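Q:
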Amino acid sequence: MNCFPGKRPAASAMAPTFPHRARFGQDSERPDPARPVRTMGTEALRKELAVPLRARTSTSRSIVPARRRSLTRAGAVAALVLLLGSIAGPALAHDRLLTSTPADGETLTTAPTQLVLTYSDEIAPIGVEITVTGPAGEARSGDPQVSGTDLIVPLAADLPSGSYAVAWRVTSSDGHPIDGTFAFTLDVPAPSPTAEPTTEPTTAQPTTAAPSPTASAESSASAESTASPAPSGVSGLPGWAIGVIAVGIVGSIVAVLMRLRRGSRLGE
């Protein structure tokens with residue numbers, strides 16, 4: 001197409017340039033004579049240059065807000081995901097042991113009477129298992145009791161010094177079992193021996209009191225009665241009766257002797 005009638009463009013302007021001439025052969029770079037060569041005239045170039053710069057910059061500017069909007073949407077989605085994760089995380093997490101009395105690794109100088117375990121939420125009263133093992137074996141004195149978030153375990157009295165291992169297993173509020181272990185040390189000082197009081201024996205000197213006459217007379221009378229007891233069978237008889245009996249006995253003996261003499265004389 002000739003934009004300037006009456007003038008023929010120069011051959012150098014109509015001939016296309018082939019920068020890849022050195023790569024291919026001469027035959028492949030030669031244009032087809034039957035194929036028309038399209039060139040941009042001066043008018044078309046003027047129209048292209050006549051486009052205002054404002055329109056070109058508006059197109060480039062419209063791309064920037066679109067990118068910003070997409071980044072804002074992506075940030076909002078990410079924030080929403082993080083928010084939902086932070087809310088659903090604690091709801092799906094199991095309960096856990098917060099504190100214990102005695103604490104893990106604590107050393108006591110006084111024997112405790114009970115063991116208290118505190119959890120992050122209320123635990124179920126079923127499926128509770130706990131053991132407290134010390135130098136003398138099992139240190140529990142009763143069954144564990146659940147009170148809200150606390151698990152109370154009674155301990156035996158007068159626990160000996162040494163290391164104690166605690167192993168527990170409970171059912172959390174969401175129905176899943178949780179377990180754990182911890183240990184503490186008991187270092188009770190030995191009681192100091194108490195010295196027994198020593199009492200020295202005191203020698204008491206006997207004191208002799210002068211006997212009264214009445215007391216001496218009574219003691220002598222009782223001694224005489226004890227020394228000469230009455231013969232058995234005559235206790236309670238008057239004195240004259242005893243004399244008559246004695247005289248009768250003596251007379252009987254004399255009569256028997258006299259008869260024996262007479263008999264002996266008659267025999268001679």
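Heads up, the sequence shown is in full-length UniProt numbering, so the first residue is 1 and it goes up one at a time. Glycine included, each C-beta is placed from N, C-alpha and C at the ideal position. Computed from a predicted structure; not experimentally measured.
#1: Starting from Ser100, follow the beta strand (DSSP E) in both directions and report where the run begins and ends.
#2: Does the distance from the C-beta atom of Gln125 to that of Arg140 stay below 9 Å?
#3: Taking just the CA atoms, how far does Arg169 sit from Asp150?
#4: Are the CB atoms of Ser100 and Leu83 within a distance shorter than 9 Å?
#5: State buried or exposed for Gly75, treating a residue as buried only when at least 16 other CB atoms are found within 10 Å of its CB.
#6: DSSP three-state label for Ala156, please.
#7: Going along the chain, which residues of its own chain have a beta-carbon closer than 6 Å to the beta-carbon of Ser28, five neighbours each way excluded?
#8: From the DSSP output, in three-state form, read off Ile123 for me.
#9: Are the C-beta atoms of Val146 and some chain B residue less than 9 Å apart?
#10: In three-state DSSP terms, what is Thr185?
#11: Determine whether the beta carbon atoms of Thr133 and Ala165 lie at a separation below 9 Å.
#12: Below 9 Å between beta carbons: does that hold for Leu97 and Gly180?
#13: Grouping DSSP H, G and I as helix and E and B as strand, with all else coil, what is residue 321?
#14: Determine which residues share a DSSP beta bridge with Val247 and list them.
#15: Going by DSSP in three states, Thr107 sits in which element: helix, strand or coil?
#16: For a quick check, are the C-beta atoms of Ser161 and Ile123 less than 9 Å apart?
#17: DSSP three-state label for Thr171, please.
#18: Assuming Asp174 contacts Ala111 (C-beta within less than 8 Å), just tell me the rounded distance between them.
A: With the structure as the only source:
#1: For the purposes of this step, residue 100 is taken as residue 100 along the sequence shown, with counting starting at 1. Start and end: Leu97 to Thr101.
#2: Position 125 of the sequence shown, counted from the start, is the residue given in the question as residue 125. Position 140 of the sequence shown, counted from the start, is the residue given in the question as residue 140. In the sequence as presented, Gln is not what sits at residue 125; that position holds Pro. Result no, Cβ atoms of Pro125 and Arg140 do not sit closer than 9 Å.
#3: Within the sequence shown, numbered from 1, the residue matching residue 150 stands at position 150. Within the sequence shown, numbered from 1, the residue matching residue 169 stands at position 169. C-alpha of Asp150 to C-alpha of Arg169: approximately 13 Å in a straight line.
#4: Counting from one through the sequence shown, the residue named residue 83 turns up at place 83. Counting from one through the sequence shown, the residue named residue 100 turns up at place 100. Not closer than 9 Å, so no.
#5: Here residue 75 is taken as the residue at index 75 of the sequence shown, counted from 1. When all chains shown are included, Gly75 counts as exposed.
#6: Along the sequence shown, read from residue 1 onward, the residue named residue 156 stands at position 156. In the three-state scheme derived from DSSP, where H, G and I count as helix and E and B as strand, Ala156 is classed as coil.
#7: Here residue 28 corresponds to residue number 28 of the sequence shown, with the count starting at 1. Note that Ser28 has pLDDT 49, beneath the 50 cutoff, so the model's placement of it is unreliable and no number is given.
#8: Looking up residue 123 in the sequence shown gives position 123. Correct three-state label for Ile123: coil.
#9: Protein chain content of the structure displayed is limited to a single chain, and chain B is not contained in it.
#10: Your numbering for residue 185 matches position 185 in the sequence shown. It is a strand residue.
#11: Counted from its first residue, the sequence shown places residue 133 at position 133. Counted from its first residue, the sequence shown places residue 165 at position 165. In this structure, Thr133 lies near Ala165, with their beta-carbon atoms less than 9 Å apart.
#12: Working through the sequence shown from its first residue, we reach residue 97 at position 97. Working through the sequence shown from its first residue, we reach residue 180 at position 180. The answer is yes: Cβ separation under 9 Å.
#13: Because the chain is modelled from 1 through 268, residue 321 falls outside the range shown and cannot be assessed.
#14: Indexing the sequence shown from 1 puts residue 247 at position 247. Val247 is not bridged to any residue.
#15: If you number the sequence shown from 1, residue 107 lands on position 107. Three-state result, Thr107: strand.
#16: Translated into positions along the sequence shown, residue 161 becomes position 161. Translated into positions along the sequence shown, residue 123 becomes position 123. The Cβ atoms of Ser161 and Ile123 lie no closer than 9 Å to each other.
#17: The sequence position of residue 171 within the sequence shown is 171, counting from 1. If DSSP states are grouped into helix, strand and coil, Thr171 belongs with the strands.
#18: The residue you call residue 174 lines up with position 174 of the sequence shown. The residue you call residue 111 lines up with position 111 of the sequence shown. Between Ala111 and Asp174 the Cβ distance is about 36 Å, and since that is not below 8 Å, they are no contact.
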